[in-house]
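A.B. asks: Next up is a structure, given as C-alpha cells.
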Amino acid sequence: MQFKKNSTGLDRFFFTTAYHGKELSIWFERAKLLNKWRKIVDKYSDEFDASVFHEDSVFLDLITNMHIDTTQSIIAVLICMAGICFIFMNNLPTVVMASGCVLSICTGILGLLSWWSIDLDPITMAAMIISIGFSVDIPAHVSYHYHQAAIQVGKLASTHEKLTYCLSAVAFPALQAALSSILCVCSLAFAEIYLAEVFFKTMLLCIALCNLHGLVFLPAFIVIYEWLVDLVRCFRKKNTEVKQDFNCNMVAAYQHNEKLNSILKKKNANSQEVQTKNVCLMNI
C-alpha cells in the first residue's frame with residue numbers, strides 16, 4: 167500500500183491472488199481465467215482505476231486469438247506453396263491435388279496434436295508453419311513425376327504405367343528421407359523441454375502423414391481423377407455419335423421428303439396437263 171503525502175488516505179495499493187487446479191496446467195484455461203479477472207476488475211475501474219497484472223499476459227493474450235492466427239498463417243503459406251507448385255508444374259489438377267494433400271496433412275497434425283495433449287500456443291503455431299514446408303515435399307514430388315511421366319513414358323501411356331514410373335522414382339527415396347528425419351528428431355524426445363516435445367511430436371506426425379498421403383492417398387486420387395476424366399470423355403464421345411446419327415437420320419428423312427414432294431409435284435403437273443387437254447377437246 168502507498169499512502170498519500172501528509173495524509174492517512176490510500177494513494178494506491180495492490181494485492182496478489184493465487185489459483186490452483188489441474189486444469190490450470192493448460193495455457194488456454196489460464197487465458198480464460200485471466201479474462202474473467204479482467205471483467206471483474208473492469209466493473210470497479212471507474213472507482214479505483216484498477217487493472218490486472220500477470221507475468222505471462224503477453225502469451226495469454228496471444229492464445230485467445232491463436233486459432234485465428236494459426237488458420238490465417240496456414241492458409242497464407244498454403245497459397246504460397248500452391249503458387250510455387252503451379253509455376254513449376256503448370257497443371258491445375260495436379261496442383262489442386264497436391265495442395266489438397268498438404269491441407270489434409272495440416273488438419274491431421276492439428277487434430278492428432280490435440281489428441282496427444284499439445285495445446286495450441288505460439289510454439290505449436292511456429293511448429294505447424296515449419297511442418298507445412300515438410301508436408302509439401304513428397305506430394306509435390308509425386309505430382310510432378312506423374313505429370314512428367316506423360317513426357318518420359320509417352321502421352322498414350324496408361325495410368326498404371328505412369329504411376330509405376332512415378333512411384334519407382336519417388337517411393338524409395340521418400341521412405342529413406344522419412345526414416346532419416348525421424349532418427350534425427352528422435353533425440354528431442356529425451357529432452358524434458360516443452361519446445362522440444364512440441365517440435366518432436368509435430369515432426370513425427372508430419373513425416374508419417376506426409377508419406378501416407380504422398381505414397382497412398384495421392385496415387386489413389388490420381389487413379390480416381392483419371393477414371394473420371396475417361397468417363398467424361400466416353401460420355402461426350404457417345405453424345406457426339408448420337409448427335410451425328412441423329413443428324414444423318416434427319417438429313418436422310420429430309421432428302422426422302424424432298425423426293426416425295428418432287429414426285430407429288432410431277433403427278434400434280436401431269437394431272438393438270440391431262441385436265442387442260444380434256445378441256446381443249448371439249449371446246450373443239
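Each number in the numbering used here comes from the position in the sequence shown (counting from 1) with 166 added on. Just so you know, even glycine gets a beta-carbon here, dropped at the ideal spot from N, CA and C. These figures come from a predicted structure and were not determined experimentally.
(1) When you compare only the Cα positions, how much space is there between E327 and D303?
(2) Inspect the beta-carbon positions of M291 and D235 and report whether they are closer than 9 Å.
(3) Can you check the segment 212-293 for any beta strand (DSSP E) of at least 3 residues that lies completely inside it and give the ranges in chain order?
(4) Give every residue of the same chain whose Cβ lies closer than 7 Å to the Cβ of I192, excluding the five residues on either side of it in the sequence, and list them in chain order.
(5) Quick check: the Cα distance between L384 and L276, rounded to an integer number of angstroms?
(6) Any contact between the segment 257-267 and the segment 357-365? By contact I mean 3 or more CB pairs, one from each, below 8 Å.
(7) Who are the near neighbours of V319 in its chain, counting only those whose CB is closer than 7 Å to its CB and skipping five residues on each side?
(8) Considering only C-alpha positions, which residue in the set M247, T230, E189, V395 is nearest to S297?
(9) Does the separation of the CB atoms of T368 and M294 fall below 9 Å?
(10) Quick check: what's the CA-CA separation for F387 versus D287?
(11) Just the C-alpha distance for S353 and R399, rounded to the nearest angstrom, thanks.
(12) Let me confirm a value: H186 is counted as buried when at least 16 other C-beta atoms fall within 10 Å, else exposed. Which label applies?
(13) At the level of alpha carbons, what is the spacing between L381 and I359?
(14) In whole angstroms, give me the CA-to-CA distance for E213 and C376.
(15) Buried or exposed for I240, going by 16 or more other Cβ atoms inside 10 Å?
(16) A184 lies in the alpha helix (DSSP H); which residues open and close that run?
(17) Which class does K205 belong to by DSSP, given the choice of helix, strand or coil?
(18) Looking at F300 and S347, is the spacing between their C-beta atoms short of 9 Å?
(19) In angstroms, rounded to a whole number, what distance separates the CA positions of I206 and S280?
(20) By DSSP, does Y210 sit in helix, in strand, or in coil?
(21) With a Cβ-Cβ cutoff of 9 Å, do A306 and A316 count as a contact?
(22) For M232, which residues in the same chain have their Cβ closer than 6 Å to its Cβ, ignoring the five residues on either side in sequence?
(23) Under DSSP, the alpha helix (DSSP H) around K367 begins and ends at which residues?
(24) Can you list, in chain order, the residues of its chain whose CB lies under 8 Å from that of A216, leaving out five sequence neighbours each side?
(25) I'd like the list of long-range same chain contacts for L349, defined as Cβ closer than 6 Å, with 5 residues on each side in sequence excluded.
C.D. replies: In short, the structure shows the following:
(1) 23 Å
(2) yes
(3) none
(4) D285
(5) 20 Å
(6) no
(7) Take V319, set aside five residues on each side of it, and the residues of its chain with a beta-carbon closer than 7 Å to its own are E327, K328, Y331, in chain order.
(8) The shortest Cα separation from S297 among M247, T230, E189, V395 belongs to M247.
(9) Remark: C-beta atoms of T368 and M294 approach each other more closely than 9 Å.
(10) 34 Å
(11) 53 Å
(12) exposed
(13) Their Cα atoms are separated by approximately 33 Å.
(14) 57 Å
(15) buried
(16) No alpha helix (DSSP H) contains A184, which DSSP labels as neither H nor E.
(17) helix
(18) yes
(19) I206 and S280 have their C-alpha atoms some 31 Å from each other.
(20) In the three-state DSSP reduction, Y210 falls in the coil class, being neither helix nor strand.
(21) no
(22) L286
(23) 360-378
(24) V207, Y210, listed in sequence order.
(25) none
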